[in-house]
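J.:
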Amino acid sequence: MPATYPTRIVCLTEETTETLYLLGEERRIVGISGFTVRPPRARREKPKVSAFTSAKIDKIIELRPDLVLGFSDLQADIAAQLIRAGIEVHVFNHRSVGEILRMIATLGGMVGCTSRAQALIAELEAGLDAIRASATRFEKRPRVYFEEWDEPQISGIRWVSELIALAGGEECFPELAREPLGRNRIIADPLEVPRRAPDVIFGSWCGKKFRPEHVAARPGWSDVPAVRGGHLYEIKSSIILQPGPAALTDGVREIHAHLRRWALLRP
């Protein structure tokens, strides 16, 4: 293994762990997030050293990493502590489909496997192209509301919005999707969703089980087309709210399958 590339990497979020496994570079990983579920073997093979906004700093230091990978401003405090301890840290901040692909390219370069990263990107892009082509056959695109949290109601982040559009849907809150912070995607008026009349509602409550019956019972929501038609579906957060390969494969495929079902069932 060339000494010019990091050999002891700690991944503070799941998407970099999944990417390194897909690149065949999992041997470099010495620590992972406790929220990691992809790939399943990572939880068995690697010590868990962080949550999302907190980390076992002493444990990470003991692992002697030559690179720690984080995500977004939410891990800025963790990054600062590690940097003060003399550890090299790279914090990604990818929020769109294009930026997810760029993250994969960057990470591939950081570990010296650019060609494999480009091959993975090409594979992911081919999968997205196939879904996009399938969605063009819809006679009508359903209006879609994606709920990331229920109290308060928070709409979907940018990459989720982009994948909904790619999969054949029409995003109900496009003006909120580009807001990177959840607090800026809060829907203050609970009746705004009924006014936008989504045909399909997806829920992915950040690890909490989505309860479609609770959504359907919200005051003023009974006439929402998605509620009347029974088109309320959970998308597991592990396959859509991690900005990595999972969202571009299992996540978007599941969204497309539900939208295709709506398209086939509509009168």
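Add 1114 to the 1-based position in the sequence shown for our numbering, that's all there is to it. Every residue, glycine too, gets a C-beta built ideally from N, C-alpha and C. Here the structure is a predicted model, which is why all the values come from computation and not from measurement.
1. Do you know how far the Cα of ARG1292 is from the Cα of ILE1268?
2. From which residue to which residue does the alpha helix (DSSP H) around TRP1335 run?
3. Hey, is the region 1295-1307 in contact with the region 1265-1284, meaning 3+ C-beta pairs nearer than 8 Å?
4. Rounded to the nearest angstrom, what separates ALA1169 and LEU1126 at their Cα positions?
5. Starting from the C-beta of GLY1184, find all residues in its chain whose C-beta is less than 6 Å away, skip the five residues before and the five after it, and write them out in chain order.
6. Give the single residue among VAL1211, GLU1237, GLN1356 whose Cα lies nearest to the Cα of GLN1280.
7. If you compare alpha carbons, which of GLN1189, PHE1260, ILE1245 is closest to PRO1288?
8. With TRP1263 as the anchor, note down where its alpha helix (DSSP H) starts and where it stops.
9. Do VAL1274 and PRO1308 have their C-beta atoms closer together than 7 Å?
10. Starting from GLY1241 and walking both ways along the alpha helix (DSSP H), at which residues does that stretch end?
11. Work out the CA separation of GLY1223 and MET1115 for me, nearest whole Å.
12. Go through its chain and collect everything with a Cβ distance to LEU1196's Cβ below 6 Å, but skip five positions before and after it.
13. With a threshold of 6 Å on Cβ separation, who are the neighbours of ARG1230 within its own chain once the five nearest residues in sequence on each side are excluded?
14. Quick check: the Cα distance between ILE1235 and GLY1334, rounded to an integer number of angstroms?
15. Our contact map puts VAL1151 next to SER1352 with C-beta atoms below 8 Å; I'd like the distance itself, whole angstroms only.
T.: In this structure, then:
1. 13 Å
2. Taken as a continuous stretch (DSSP letters only), TRP1335 belongs to no alpha helix (DSSP H), as it is neither H nor E.
3. yes
4. 8 Å
5. LEU1126, ALA1193, VAL1205
6. Here the sequence assigns Leu to residue 1280, which means Gln is not the residue at that position. With distances taken between Cα atoms, LEU1280 lies closest to VAL1211.
7. PHE1260
8. No alpha helix (DSSP H) holds TRP1263; the beta strand (DSSP E) holding it covers 1257-1263.
9. no
10. 1228-1249
11. Unreliable placement is indicated for MET1115, whose pLDDT of 48 sits below 50; the coordinate value is still reported in the next sentence. Roughly 14 Å between the two C-alpha positions.
12. VAL1182, VAL1203
13. LEU1137
14. 44 Å
15. 5 Å
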